[in-house]
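In the working numbering, the protein residues as written are 57 to 290.
Heads up, the beta-carbon is just placed ideally off N, CA and C, and yes, glycines get one too.
Quick caveat: nothing in here was measured; it's all calculated off a predicted structure.
Remarks on the structure that follows.
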Amino acid sequence: MSTPTPHISARPGEFAKTVLMPGDPLRAKFIAETFLEDAVLVNNVRGIQGYTGTYKGKKVSVMASGMGMPSIGIYSYELFNFYDVENIIRVGTAGVVDPSLKVRDVVLGMGACTNSNFQDQFQLPGHYAPICSYKLLSSAVEAAKKLGIEPKVGNLYSSDCFYDDSMPLGKWQKMGVLAVEMEAAALYMNAARAGKNALAICTISDNPFTGEETTAEERQQTFTAMMEIALEIA
């Protein structure tokens with residue numbers, strides 16, 4: 057497929073090799089306006105804002121993924137395969153699964169369990185275990201230390217359902233899963249298939265066990281620790 061694609065209007069070369077990918081288009085706009093120099097809007101198809109600028113002299117892009125694995129599956133596939141992007145770093149929100157986590161803690165997703173059938177397209181003779189890029193993960197751990205941030209590293213649960221009648225979080229908790237979100241597993245699988253790199257850096261935005269949660273504005277504008285880690289390794 058040539059570029060622009062059906063979902064991204066950018067021209068070849070307008071994306072950097074590394075793209076930060078929040079779910080929320082307004083968080084993409086906030087990152088671009090707050091951290092990037094000379095940021096230019098390179099995509100706004102369906103309101104999925106994408107910007108390219110520089111951070112400490114490095115060319116960096118940021119574009120929203122939308123919500124859920126089908127959405128990030130489309131955007132990450134097109135960025136990896138049609139725009140020559142090498143690294144996608146998800147900077148998203150997640151809910152507590154491990155009770156030791158608190159709202160605003162940062163989690164680095166080493167792996168991503170899922171209830172999704174996203175892997176079925178690859179026709180594998182078994183169950184695939186989506187994992188992040190070790191290169192990005194190790195760099196993120198070191199960058200966090202330098203920033204004085206103590207992230208938790210471990211397994212995420214990427215769910216296809218936000219409202220889930222089966223209430224599975226307690227079962228995932230027993231298996232040592234840290235947090236629940238909705239995108240990382242598809243991102244990791246697309247990266248693996250394309251031979252590229254991916255990492256999910258998530259900020260805990262809510263605790264479904266206690267009811268504690270943050271506002272939409274707080275999620276857009278105050279979860280800066282994960283953004284800084286991602287920018288340092290871009």
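Pick helix, strand or coil for residue i, following the three-state DSSP scheme.
i, result
"T61", "coil"
"L164", "strand"
"E288", "helix"
"D221", "coil"
"G267", "coil"
"N171", "coil"
"V20", "Any question about residue 20 goes unanswered here, given that the chain covers just 57 to 290."
"R301", "As shown, the chain starts at 57 and ends at 290. That puts residue 301 outside it, with no answer to give."
For residue i, report the span of its beta strand (DSSP E) as first-last.
i, result
"K208", "208–214"
"A185", "First-last for A185: undefined, no H or E at that position."
"A241", "Looking at the DSSP string, A241 is not in any beta strand (DSSP E); the run it does join, the alpha helix (DSSP H), is 240–250."
"V197", "Counting along the chain, V197 falls outside any beta strand (DSSP E), though it belongs to the alpha helix (DSSP H) covering 190–202."
"V236", "235–237"
In whole angstroms, what is the alpha-carbon distance linking residue i and residue j?
i, j, result
"F136", "F71", "11 Å"
"Y133", "A247", "8 Å"
"K73", "T61", "18 Å"
"K2", "Q105", "The chain is shown only over 57 to 290; residue 2 falls outside these bounds and no answer can be derived."
"V14", "S127", "Residue 14 lies beyond the stretch modelled for the chain, which goes from 57 to 290, so this question has no answer here."
"A66", "L97", "9 Å"
"A95", "M283", "16 Å"
"S172", "P181", "16 Å"
Give the C-beta separation of residue i and residue j to the nearest angstrom, bearing in mind that I take them to be a contact with Cβ-Cβ under 8 Å.
i, j, result
"A256", "R146", "4 Å"
"V118", "L76", "4 Å"
"G79", "G122", "6 Å"
"G150", "A272", "According to the sequence provided, residue 150 is Ala. The question's Gly does not apply to it. With a Cβ gap of about 15 Å, A150 and A272 do not count as contacting."
"E239", "G148", "6 Å"
Which residues mark the beginning and the end of the alpha helix (DSSP H) in which residue i is found?
i, result
"M77", "Where M77 is concerned, there is no enclosing alpha helix (DSSP H), although the beta strand (DSSP E) it sits in stretches over 74–77."
"Q276", "272–277"
List in chain order: all unbroken alpha helix (DSSP H) runs of 4+ residues lying wholly within the region 79–144.
Listed in chain order, the complete alpha helix (DSSP H) runs (minimum 4 residues) inside the region 79–144 are 81–91, 125–138.
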